[in-house]
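Engineer: For the numbering used here, count along the sequence shown from 1 and bump the result up by 5.
For each residue, glycine too, the CB sits at the ideal point set by N, CA and C.
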Amino acid sequence: MSEQQILLSVGGIGAAALACQWLAWRLKLPAILFLLLAGILAGPALGWLDPEALFGPLLMPLVSLAVALILFEGSLTLHLSQWREIGSVVHRLVTVGALVTWLVIALATHWLLGFDWPLAILFGTLTLVTGPTVIVPMLRVVRPKSAIANILRWEGIMIDPIGALLAVVVYSFIIASAEGNGLSQSLITFAGVIFCGTALGAAGGWVLGQIMREQWLPEYLHNLASLAAVLGIFIAANQIVHESGLLAVTVMGMWLANMRGVDVRQILHFKENLSVLLISGLFILLAARLDLHALLGLGPAVLALLLVIQLLARPLNVWLATLGSTLNWRERALLAWIAPRGIVAAAVSAIFAIRLHQAGHQDALLLVPLTFAVIIGTVVLQSATARPLARLLKVAEPAPSGFLIVGANEPARAIAKALQQLGCRVLLTDSSWENIRAARMDGLTTYFGNPASQHADAHLDLVGLGHLLGLSPAGEINALACARFRHDFGHSRLFVLASGLEKQRSDKHRVAEEHRGHLLGAKPMTYLQLANRLHQGAELYSTNLTEGFGWDAYQALHGERANLLFARDGHGWVHVASPDNPLQPQPGWTLVALIEPAAQP
């Protein structure tokens with residue numbers, strides 16, 4: 006290929022990746038679906054992209070390094086403390102249930118497609134994982150009840166690194182068996198892979214953690230150090246014991262995530278951004294390498310395998326995991342339907358297929374098209390049917406009416422408690438641990454972090470939330486949150502505190518109107534004004550209007566002392582008061598207003 010063709014191909018991959026991610030964001034669907042379709046169109050369908058010709062012998066080493074970074078980023082989210090908090094259902098979904106799913110898929114792959122047992126067992130591990138990158142967009146569309154959403158989200162987070170680790174272990178055993186002379190030699194080789202990967206991974210995680218904890222490097226070099234460490238450990242492990250590198254980086258991430266006194270949030274944020282870049286390009290390249298003739302050559306057996314995964318393996322997993330739980334049959338049925346396969350399956354299968362084929366497994370090249378068939382089948386089927394099924398089973402949340410509150414400061418906590426009394430779900434977000442801790446002491450649901458972060462995209466539970474309240478004292482954070490959640494909630498449901506500085510700024514320093522929310526309150530207040538009034542004795546009062554005590558009587562009683570903030574109508578809908586949205590409360594409504602104490606005579 007000429008230099009110009011190479012530049013056009015690389016630029017085209019970048020443009021296609023951005024378009025796919027944007028389209029997924031707009032349609033609230035998993036990006037993996039559009040990335041795979043783009044790769045198939047550019048590669049085998051139209052012949053525009055040939056990854057082998059573009060990268061030559063560098064292709065598979067680049068894929069290997071990308072997979073190592075993706076697995077490291079996934080393992081950074083596996084905190085042992087979370088394991089104790091997620092509940093028995095999720096525990097069983099990712100342990101006993103996962104083993105049953107693995108067994109069912111392996112048996113079906115062997116009998117339906119004629120794969121030998123090693124490849125069938127490996128394929129079972131590859132198709133165990135769901136992952137937050139496919140689960141979270143689907144939950145935003147389906148909007149199941151919070152119990153179901155929490156289980157599915159935590160399962161995706163936990164099974165991602167666990168499934169990858171299991172796949173690496175099985176793959177290592179297959180390689181060891183191919184290279185060993187007999188079972189005993191295979192076990193020795195396998196033990197070497199496990200020992201080397203675990204030892205180097207733990208050592209690398211400890212050393213990197215020490216460097217970060219003791220501040221031996223400036224903070225701005227932590228991301229570069231972690232990237233260099235991952236690549237270094239991966240390469241060193243493979244040099245010492247063949248194919249132990251993926252296990253090493255997975256263990257390294259787990260060790261680092263659970264090391265005391267080490268803050269991995271900055272590294273995790275960097276790795277998440279890097280993973281989006283790698284995953285986007287990687288999926289387009291891998292899909293462009295698909296052999297459609299080989300996929301079609303598998304015949305109806307692929308559809309039969311999809312049916313086994315969807316109608317047997319997953320329901321059996323959920324049935325075992327929910328025995329003795331408080332979930333009813335409707336909730337269990339929806340859990341049994343939703344389990345789209347995702348990124349780890351496609352990324353790991355690509356690198357394993359080539360190496361296993363080189364080791365003498367003739368059917369190994371079929372792993373990639375078969376894995377992609379399962380990914381596309383589960384994502385398309387479940388994206389199209391999960392929402393109607395949730396409504397049919399009556400386990401879908403009604404139109405979201407809860408509040409995402411940016412800020413967990415004292416005024417935000419007071420407003421959150423008032424909204425809870427109206428029956429609204431509230432979720433407070435803040436980067437101040439002191440504020441978050443105080444909110445949790447008040448029994449409020451919280452998210453510790455920036456709601457506009459990449460981590461929040463995967464972990465922030467928006468189920469049941471339909472409004473945004475920007476109550477942070479920093480107006481820029483409120484504006485950023487409005488811009489981030491405008492598509493999720495709609496501009497009419499974004500509300501912020503007034504900013505005294507905005508009026509003083511010129512046009513080139515003022516946040517554009519379309520990026521700001523509506524002002525909160527019938528009489529808008531700044532954060533300082535709200536906080537001062539609360540400290541001076543003003544309180545949030547809830548009042549029910551009746552035929553005998555209507556809106557006019559309410560105004561006459563409180564006069565200028567009352568600043569209406571929220572109103573719940575007779576149908577249970579909560580309205581937010583704003584100069585842009587003047588309310589006309591009726592009998593049967595419940596009003597929440599900030600009422601200042603009466604002046605002393």
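Flag this pair as yes or no: are the beta carbons of residue 314 and residue 531 separated by less than 9 Å?
Structural biologist: Contact flag unset, no.
Engineer: Residue 494 by DSSP, collapsed to three states: which one?
Structural biologist: In this structure, residue 494 counts as helix in the three-state DSSP scheme.
Engineer: If you draw a straight line from the alpha carbon of residue 583 to that of residue 161, how long is it in whole angstroms?
Structural biologist: If I take the Cα positions, the gap works out to 39 Å.
Engineer: Determine the DSSP secondary structure at residue 40, reduced to helix, strand or coil.
Structural biologist: Three-state DSSP puts residue 40 in a helix.
Engineer: Taking the continuous beta strand (DSSP E) assigned at residue 573, which residues delimit it?
Structural biologist: That run of the beta strand (DSSP E) goes 567 to 573.
Engineer: Could you give the uninterrupted runs of the alpha helix (DSSP H) lying entirely in the segment 343 to 403, keeping only those of 4 residues or more?
Structural biologist: Here the runs fully enclosed are 348 to 363, 372 to 397.
Engineer: In the DSSP assignment, the beta strand (DSSP E) including residue 579 goes from what residue to what residue?
Structural biologist: 579 to 581 is the extent of the beta strand (DSSP E) around residue 579.
Engineer: At 4 residues or longer, what runs of the alpha helix (DSSP H) sit wholly inside the segment 90 to 143?
Structural biologist: You should have 93 to 98, 101 to 118, 122 to 131.
Engineer: What does the alpha-carbon distance come out to for the pair residue 151 and residue 54?
Structural biologist: Rounded to whole angstroms, residue 151 to residue 54 spans 43 Å at the Cα level.
Engineer: Would you mind reading off the limits of the beta strand (DSSP E) that contains residue 472?
Structural biologist: First-last of the beta strand (DSSP E) with residue 472: 470 to 475.
Engineer: Please confirm if the segment 258 to 274 is in contact with the segment 217 to 224, defined as three or more CB-CB distances below 8 Å between the two stretches.
Structural biologist: Verdict: yes, contact present.
Engineer: On the premise that residue 431 lies in contact with residue 482, defined as a C-beta separation below 8 Å, what is that separation, rounded to the nearest angstrom?
Structural biologist: Contact flag wrong, Cβ pair sits at about 18 Å.
Engineer: What residues match up with residue 523 in a beta bridge as DSSP calls it?
Structural biologist: Answer by DSSP bridge pairing, in chain order: 500.
Engineer: Pull up the DSSP beta-bridge partners for residue 178, would you.
Structural biologist: Note: residue 178 sits in no beta bridge, so no partner.
Engineer: Alpha carbon to alpha carbon, how far is residue 537 from residue 76? Give it in angstroms, no decimals.
Structural biologist: Computed Cα separation, rounded: 49 Å.
Engineer: What is the DSSP secondary structure of residue 320, reduced to helix, strand or coil?
Structural biologist: Looking at residue 320 - three-state DSSP - the assignment turns out to be helix.
Engineer: In angstroms, rounded to a whole number, what distance separates the CA positions of residue 491 and residue 485?
Structural biologist: About 10 Å.
Engineer: Looking at the structure shown, is residue 17 part of a helix, part of a strand, or coil, going by DSSP?
Structural biologist: Helix, per DSSP.
Engineer: Against chain B, does residue 43 count as a neighbour if the rule is that its beta carbon must be under 9 Å from one of theirs?
Structural biologist: Within the model displayed, chain B is absent; a lone protein chain is all it includes.
Engineer: Hey, how far is the Cα of residue 605 from the Cα of residue 456?
Structural biologist: Reliability of the predicted coordinates at residue 605 is poor, the pLDDT of 48 falling under 50, and the value obtained from them is presented with this limitation in mind. Using only the alpha carbons, I get a separation of about 43 Å.
Engineer: In this structure, does DSSP put residue 435 in helix, strand or coil?
Structural biologist: In this structure, residue 435 counts as strand in the three-state DSSP scheme.
Engineer: Taking DSSP as the reference, what is the three-state secondary structure of residue 598?
Structural biologist: Correct three-state label for residue 598: strand.
Engineer: The ligand SAH and residue 168: does the residue's C-beta get closer than 8 Å to at least one heavy atom of that ligand?
Structural biologist: With respect to the ligand SAH, the structure shown offers nothing to examine, as it has no ligands at all.
Engineer: Within the continuous alpha helix (DSSP H) that includes residue 532, where are the two ends?
Structural biologist: 532 to 540 is the span of the alpha helix (DSSP H), which, as asked, contains residue 532.
Engineer: Would you tell me roughly how many angstroms separate the C-alpha atoms of residue 559 and residue 545, rounded to the nearest one?
Structural biologist: Their Cα atoms are separated by approximately 15 Å.
Engineer: Considering only residues of the same chain and omitting the five flanking positions on each side of residue 614, which have a CB-CB separation below 7 Å?
Structural biologist: Because the chain in this structure spans residues 6 to 606, residue 614 falls outside the shown range and cannot be described.
Engineer: Taking all protein chains shown into account, do 16 or more other C-beta atoms lie within 10 angstroms of the C-beta of residue 343, making it buried, or fewer, making it exposed?
Structural biologist: By the neighbour-count rule (16 or more Cβ atoms within 10 Å), residue 343 is buried.
Engineer: To the nearest angstrom, how far is the alpha carbon of residue 406 from that of residue 246?
Structural biologist: One C-alpha to the other measures close to 55 Å.
Engineer: Which of helix, strand or coil does DSSP assign to residue 554?
Structural biologist: Reduced to three states, the DSSP call for residue 554 is coil.
Engineer: So the candidates are 241, 453, 157; which of them puts its Cα closest to the Cα of residue 97?
Structural biologist: Nearest C-alpha to residue 97: 157.
Engineer: Do you know how far the Cα of residue 292 is from the Cα of residue 241?
Structural biologist: Their Cα atoms are separated by approximately 29 Å.
Engineer: Who are the near neighbours of residue 145 in its chain, counting only those whose CB is closer than 7 Å to its CB and skipping five residues on each side?
Structural biologist: Excluding residues within five positions, the ones whose Cβ falls inside 7 Å are 33, 467.
Engineer: Are there 16 or more other CB atoms within 10 angstroms of the CB of residue 27, so buried, or fewer, so exposed?
Structural biologist: By the neighbour-count rule (16 or more Cβ atoms within 10 Å), residue 27 is not buried but exposed.
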